Structures are given as structure tokens and as C-alpha cells.
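To start, the structure under review is shown below, and the notes come after it.
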């Protein structure tokens, strides 16, 4: 068993944090795997018991009922941001020991997480997000007087948050779901990801301390360790709890669909906002290949291999129209993919799923594996190492039910050759829902590019000209969702200010005196 | 078999209208029941076949892909409004023959439907509903340039609309769901309600003619007759169709939940916006009883018996705190309910369900039936006649799982007596989600009223001071939804401008040149 750097200094106790208090149940031990070593980190923790799950949800509902003010919510979010920033190198070391992500990537994600918490703190103070609408009454109207009507968004209730393994900070314990739900005035119960229990607990301590400092009911934030024999159960129990009113999830299509089904089966169904990753197709038009096919191939390969392809926006399909330039582009892409070598994956499970998916694609008719590192058949045995892979296929072999249309979570992509524009449009027409889709074209004179962007806008939450789908800007104009299977709720967004709306519902006040209305409606 | 007035003059053919063309399949005959006579109207029609359902959905998708412009959508909605208005007395007669609703109520509902179509026509022309957001790029930003991002709402695809029997115009073929979906740029396939096939077909002809006149693909609107052996099947097949992307439903909790489950089971789940009616509680505070308990009882009884209680906002629960005044109020309420007598219900099925629900409530422990018309035990055999009923119960007998918490669709309500304010708050605390909830109080000095409005706002889409829950104003500030079981999607509204958002999802355009962007984003 390997010991990771920095562990000794940390405040980790291996306990869930329920309304600010460490949990007591020790019946289900959990461990922290280290993908760099293939062993385990020096950590012993315990998954939350059924009673602890119920307790966290009940405390969340109690806290919700004495809702923090806008100022208190902002204080929680700013306090959490500062405390996470203050964790400094310890946090970087802990995340690295649990994910094998490079320190620079972790620091970048940490900064993004901190900025996101601060953005939602501003939003919590800002009254504009409640979408206040006032329609004054008219007592003289015939046949009936027109009532005075005012509406605004109100928080929906306690939210269960399921973090992702591939963004252990930005989409986990204090990620976008938690930040937006707290900003809206909801309580949050986080189901910790079993791939990064130390990271989760460290961040949860920061949030819980900020909650305590803000002087609000500590039940507004709880963190539940999951893993071991109770990895699935903790989450399912949380979704079934009558005190939970909405679910935020980032992860695999299988996990997301399972939670959607659980939530739909409740006596009182609740919404599930599941962001499940997707195919994120790229279309490379002939005009884009005229100038520098090598540079384009490099840039696409970089998007495919970014974070070992473990990005929800990793491009899983690249379409070209056959030509001499397309052949050159394919050669360059093969070289770039081959040069990318092997990667340490986040977890042994992700690696196993990735290798199984590669095998499925290899077995699909008409498809060829055209680039992979030499050592792909003998992955390093001490850690979850996996190869970068390029597949190639003619468009005519892509059946509507082709296995190619599903996400392959890892550093692999499929280059699809189309005979002509019609065949390319037919491929686009069969594409499943995605988070993002890109078109590469030489210039704004390419009319095909405009038509393709329109067609792709029917299938993705974001369309990009001359850029890779990876890289999701935190912006008021960002949309991070898309038609199923990319997202369970394509009307929402998991990133940007739209994210807060997920945890709200509109309420109308009819003929209520000004003095009694929430401040935003006066 | 009775013949209804005006039938001879009509253009009714008993056929579904698929992309403007009458259907051909005659294998499943349907009839039009007349609740006034207990017999049938002079109408013979045919339910849509499986092939016709699939055809309507496919044509809807084809039409969606060549989306009508904003101006064309407005023209369709305005044309439909005018044609429905032009149907004049024939429409009133047909609706009356199928629903037994009073002509004045039908005319009022017709006007509301026409106004609603015109409101959505204005909205279709107005660019504000797309929620355009522009976030300019910054090429100089480090470490990466900030991309130019713009987002707007885009239509989701073909929508299946299920109308309600209790609002045969305003929530049926050309009701709020159809109007808002067409305004958004979606195609619509309506599953006609088997309780008003003549009304449905007449209105569908008006919409189809307006679509034809607007010069757009006729597939953007289809109407499917349902009923007979295929009443359920037509709807289920529609929800299962891969060409359908969202569902709008107004009706019973059982029907709504069934469609939610069907939609969730699809390979690609789709959203269901089901407005299912609710308990709509009224709280009468002591201060409201000081002045004129008789007038208050009259006004609440009028809300309970409005349209024979067949309103989604009918108040099913009235809470008071025990007192001498409360006793007087109860006496007056009994008298008003007794005086309301019996009602012809919309359909024999609704009457049967209502009588069964009354029997369930009567059997609940601790509850007494305290007012009902003398003839309630011997309903008129020629039509679906049913009694107005008042039940009374002490609050302590209302268990959380009490059958009282479910909607009783018809002219009945339960008067609940609470010992004190604490017990009243405990009752409110256990209330299920509602569309609306009312508090009656003498004046704005009553602090209890304010607290109750806040508590009820957690359980309803709309809270009202000193007004009945019935009466849903079409307004930008209206919210017609509420927590489950009132609505499957409490974040939406079935009435008002918010309704259009149900049929949309946001799309982000990254680094797309101005000239290629939709006009609203330039």
C-alpha cells in the first residue's frame, strides 16, 4: 500500500459530514485507490449508512425551511471558495493521488471551481435571476376584475448532487451543481464519488466550515462518503428519500439513466438533471483541408487525448469527405494519435470499460483500427494505463443502430469517410444528441458550413465553428447540455448562469399586498 | 339516438386530419356521447390506426425540419383564431352537445381560446421569448482566448398534445399547448379527446385551414381521432413514436402518470408536461370570519361548484380554526352546497369516477358527509348527473396517507376543522402539491396570513389572498403548474407566456460569424 504525499498533514477523518458533524457508522469501510501506483492511498473511511443518508436528507429539509438569506448564501459560497483556494498544495497532491491528473490541470480546475463558486455568490446577491414579472391588476375590468399577479422563481427544495470522477473539483462536491443549488436557496446533500473520497472530504470540510461561519442551519450542506459495498446504495437511497426534491448528476449514461428511473418511480417523481457525456462530432469540410491539414490533425488529436479523453466533450467522431487532402489529413491524424501513446486512466473501472468499448468497436463490421501505440496490448500492470486509438470507417458502414453512435469514454475517436456532402449530411442526420458539435471550414464563405451548423444545432447544446468541442467556458451564454443521451434535461444547462434555474420553479402571487411579497416582487 | 342541433350544417367527416388530409382507415368506429340526453350525437367517426399515428408523427418531423418562419407561425395562429371565432353558434352548439356546459361558459372559453391564439401569435413575432444572450469573445485573454458565445432558445421538435375533457376549447385541439408549441416553431400532433370528437374535429379543421393558408408544410399540424377500442392506444403510440420529442397533457393524475412512464421508458426519453389537477386548498383565517361568514361561504361554494367542480383549480379542502364564527361559516357552507343541487357531469366516466371517489371519502374514518342534495342517491338515469357534496372532518383525523389528500374531481369539498393555528400549520405541512392555494383573511394586518402564504407557496404554483383558486388569468405573470401531483414539471407553466418555454431548449453558438447566426443573435 503506497502512501501519498501530503496525507499526513490533512484533516481527513474518513467520515461523512452530516449537517456539519462527522458520521459515526463504521460498518462499511471504503478505500482510496491511487491510479499512479495501482495501489491505495493512506486513507480509511466509511460509507454512509442508510440511517445517515436519511438523516442528511431530513436535516437538508429542515434547513431548507428556514432558508438562508441571499446574503448568507453568498457568504457560504465565498467562504467555500476561499477555503478551497487556501487548501493550496495539499489539495493538488490529494487530487493527484486519487486521479493521476497532471498538477497543472488540477490547479486549473481548482481555479475554475473557485471562480464558479464566486460567480454563483454574485448571482445569489443579484436579484435578476429570479425572473421577477409584475402584471398589475385592474379592478375596473369587465366582466371580472383583473387580479394583481406577480411571479418569481423560488428554490425547489433539497438537492442530491452526484459528482463526476473526471472533474473531481469542478463537477464534484463544490462544483457547479452544489454552487448553483446553494445560490438558489436549496440545501445540498452530496453523494461523494468513490474514486476520490479524500478529495471529496477535504472539499466538503471547506464547504461545511463556510456554512458554519455564515451562521446558517448546518443542514443546508451534507457530504456522504460512498464506496465499497454501499457505492450504489448510498446514491439510490438518497434519490428515494422523500426529503430530496431534485437530483444533479454528472457521469456515465448508465448511471444517469438508473437515477432517472429511480426518480421517476417515486410516489412523488422528482427531476433529474443528468449530464452524461456524448459523441461530440466534428465535421471537417474540404475548405478546411486546403491549408494545413497537419495542424488541423494535431489540434483534433489534442482534443481527443485531452485528459486521456476523459472529458464529456471529447470528440468521438470526425467526419470528412473523401479527397486527396482528406487522405493527407487522415495520415496526419494517425501519426498524431500514435504519438499520443498511452495514458493513465482515472480509475481501473474506467479503464476496463474503455477497453471493453474498444473491443466492441473493433468487432463492428467495416471498421478498422488504424492507429494505436505499440504497447497497447500490454498495458502497465501497476496502474490503469490505456492506449490512444484511431478507428476509421466508410460512412456507408455506419448503420443507424451502429455501436459507433454511443460514447466511448477514453482517448479514442472514429474517422468517418463520406463520399460526398449528401452522405455527410445523412451521417449528421443519424447522430444522437451531443453536448457539443464542431465544424471546421476555411472561411465564412463556405455555405456548407452554415447548413451543417444549423443541422448540428438540432443535435447538440453547443455548435462551434473552427474549434474543438473540449473547453467549456463559464459564461452567461454557455449551454452545457444537449438532447438525450447527452443530457436528461436538454432544456437546462449544467454550466453558466442558466444552471441555477434547474433548482427552481416559478410561483405566482395573486392579490398579495406589497409588504408581504418577497423583496424582488415589490 | 338523439340528434344534436346544428350537426347537419357542419363539415364534420369523422376523420382524423393528417398533414391536412382526412384519414382513410375505418376499422375502429368512435361515437360522440351527449351528456344532456344520456344518448349519442349524430356523428360517426373512426379512431386513427397505428399507421396513421406513425404517419402524422413522421409528417410532423418532416415539417419541423423546414421550420415555418416567425411570420408564418403568427399567420397560422391568427388564422386559426379567426376561423374558430367564425365558427360562431355552430361551435357553441357542438360543444354543448358533447359537454353539457352552459352556452355562456362555452362562449367565454371560446373567446379565451381565440385570445390565447392571438397572444401566442404576437409572441411568435416577438423576439424576446428566445432569451438571446450575447457574450463577446476576447482574443487577447490568457492562457486561452475567450470564445464568442451566443445563446438562444430553439424549438425541441414535434409535440404530442393531449387535450382535456373539461376545457374542450382552451385546453384541447387549439388550446394553450398547441398554440404555444406552434409559436415556438414546433409541429403539433393532437390526440383528440374521445369525450368531444366533433368539437375536436371542427377546431382541427380550422387550424389545418390556417396552416394551409399560411403556405407552410401541412405536416406541422395533425389531429388524430381517438376513442372506442383505440382510445388509449392512439395516445400511447404517439408518445412512443421516435418522431415525437415532447408531450403536453391536461387530464387526470392516472393518465398523466401513465404518459410520464411511457415517455421515460423510451430509448430516448422525452419530456412530458402533464397538468393533472389538484387539491387547491383554501385556508379561512379567523379574521376573515368576523365580518360576513355567509358571503364567504357562498363565494367558496361557487368556486367548488363552478363547472360542476370539473376544474383543475376546484378547491378540494377548506381549513378553518374552530370557533363560534367557524360554526356559523360551516352552517352557511352546508346550506350553499345543499342549494347547489345536482349537476350534469361531462362524461359518464367522470361521473362514475366521482361517485367512486365520494364512496372512498365516505368510508374514511372520522369524516362525515354533512351536506348533499336530497336526490343524490337517485341520479337522473338519462345523463351523467351527480350531487354536490360537503364532507367535514377534524384535522386530527387527516393522516398523512389520508385518501383526503387526493383530488376528488367533481363538485365536492372537505371542510377541515383545526383546534388552533399550530394544528392548521401541521395540516398545511402535509398537503400535496397543488396548482393553487388560497388564504382568506380580513386585512393585511393578519400576520398569520403572511406566514400561511409563504408555507403554501412551497406547495403550490400560485398563492392567492382573498380569492378562490378557480379563475386562471392569461398573463405574463401567471403560473399554472405546481409540485407533483399537480404537475409533472413544476418548473413550467401551462398558461401564460412561460408556456412557450416548455417546447424549447437553449443552444449556444461558439465563434459563429454574425451573418450565419439566427437573426435574434446578431
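Protein chains in written order, with this note's numbering: chain A, 57 to 578; chain B, 57 to 578. Glycine is no exception: its CB is placed at the ideal position from the N, C-alpha and C atoms. Nothing here was measured: the structure is a model prediction, and the numbers come from that model.
Candidates the options: closest to residue i by CA position
i, options, result
"residue 484 (chain B)", "B:499, B:504, B:468, B:467", "B:504"
"residue 535 (chain B)", "A:243, A:391, A:187", "A:187"
"residue 145 (chain A)", "A:167, A:128, A:136", "A:167"
"residue 508 (chain B)", "A:573, A:508, A:533, A:184", "A:573"
"residue 323 (chain A)", "B:84, B:148, B:137, B:540", "B:540"
"residue 548 (chain A)", "B:292, B:564, B:523, B:294", "B:564"
"residue 521 (chain B)", "A:184, A:127, A:204", "A:204"
"residue 578 (chain B)", "B:562, B:463, B:111, B:206", "B:206"
"residue 283 (chain A)", "A:248, A:107, A:553", "A:248"
"residue 328 (chain A)", "B:546, B:368, B:492, B:113", "B:546"
"residue 162 (chain B)", "B:103, B:117, B:109, B:223", "B:223"
"residue 141 (chain B)", "B:424, B:121, B:165", "B:165"
"residue 263 (chain A)", "A:243, A:192, A:251", "A:243"
"residue 355 (chain A)", "A:96, A:340, A:105", "A:340"
"residue 366 (chain B)", "B:316, B:442, B:260, B:387", "B:442"
"residue 94 (chain B)", "B:462, B:404, B:553", "B:404"
Close-in-space but distant-in-sequence residues of the same chain around residue i (CB under 6 Å, 5 per side omitted)
i, result
"residue 510 (chain B)", "none"
"residue 528 (chain A)", "536, 551"
"residue 240 (chain A)", "211, 556, 559, 560"
"residue 361 (chain B)", "396, 444, 467"
"residue 177 (chain A)", "130, 133, 134"
"residue 307 (chain A)", "220"
"residue 199 (chain A)", "none"
"residue 173 (chain B)", "133, 136, 137, 235"
Interface flag, residue i vs chain C, CB-CB below 7 Å
i, result
"residue 181 (chain B)", "Any reference to chain C falls outside this structure, whose protein chains are A and B."
Residue(s) in a DSSP beta bridge with residue i
i, result
"residue 445 (chain B)", "B:468"
"residue 247 (chain B)", "B:218, B:280"
"residue 210 (chain B)", "B:561"
"residue 399 (chain B)", "B:442"
Simplified DSSP assignment, three categories, for residue i
i, result
"residue 565 (chain A)", "strand"
"residue 359 (chain A)", "helix"
"residue 542 (chain A)", "coil"
"residue 116 (chain A)", "helix"
"residue 268 (chain B)", "helix"
"residue 75 (chain A)", "coil"
"residue 95 (chain B)", "strand"
"residue 64 (chain A)", "Only weak support exists for where residue 64 (chain A) lies, its pLDDT of 45 falling under 50; the value from the coordinates is given anyway. Of the three classes helix, strand and coil, the one that applies to residue 64 (chain A) here is helix, per DSSP."
"residue 406 (chain B)", "helix"
"residue 429 (chain A)", "coil"
"residue 423 (chain A)", "coil"
"residue 435 (chain B)", "In this prediction, residue 435 (chain B) scores a pLDDT of 49, lower than 50, which makes its location untrustworthy; the coordinate-derived value is nonetheless stated afterwards. Residue 435 (chain B): coil per DSSP, three-state reduction."
"residue 516 (chain B)", "strand"
"residue 82 (chain A)", "coil"
"residue 573 (chain B)", "coil"
"residue 166 (chain A)", "helix"
Same chain, Cβ closer than 8 Å to residue i, neighbours up to 5 away in sequence not counted
i, result
"residue 271 (chain B)", "128"
"residue 92 (chain B)", "152, 153, 156, 400, 439"
"residue 345 (chain B)", "352, 376, 379, 381, 382, 384, 385"
"residue 66 (chain A)", "146, 150, 254, 258"
"residue 99 (chain A)", "63, 68, 70, 87, 88, 253, 254"
"residue 256 (chain A)", "219, 224, 228, 229, 246, 248, 249, 279, 281"
"residue 274 (chain A)", "75, 76, 77, 115, 119, 264, 267, 268"
Neighbourhood of residue i by C-beta, 7 Å cutoff - its chain only, sequence neighbours within 5 removed
i, result
"residue 312 (chain B)", "305, 330, 332, 544"
"residue 481 (chain A)", "511"
"residue 113 (chain B)", "214, 245, 294, 297, 299, 300"
Any non-hydrogen atom of the ligand MG closer than 6 Å to residue i Cβ
i, result
"residue 76 (chain A)", "Among the ligands in the structure shown, none appear at all, so the ligand MG cannot be discussed."
Residues of the segment 161-193 of chain A whose Cβ lies closer than 8 Å to any Cβ of chain B, in chain order: Listed in chain order, the positions of the segment 161-193 of chain A with a beta carbon within less than 8 Å of a beta carbon of chain B are 189, 190, 191.
Against chain A: residues of the segment 478-492 of chain B by CB proximity under 7 Å: Under the 7 Å Cβ criterion, the segment 478-492 of chain B contributes no residue.
Contact residues within the segment 513-525 of chain A, judged by C-beta distance below 7 Å to chain B: Listed by position, the residues of the segment 513-525 of chain A near chain B (Cβ gap below 7 Å) are 513, 517, 518, 519, 520, 521, 522, 523.
Interface residues of the segment 562-573 of chain B facing chain A [CB-CB below 8 Å]: Listed in sequence order: 562, 563, 564, 565, 566, 567, 568, 569, 571, 572.
Chain B contacts from the segment 363-379 of chain A (Cβ-Cβ distance under 9 Å): Nothing from the segment 363-379 of chain A brings a Cβ to less than 9 Å from some Cβ of chain B.
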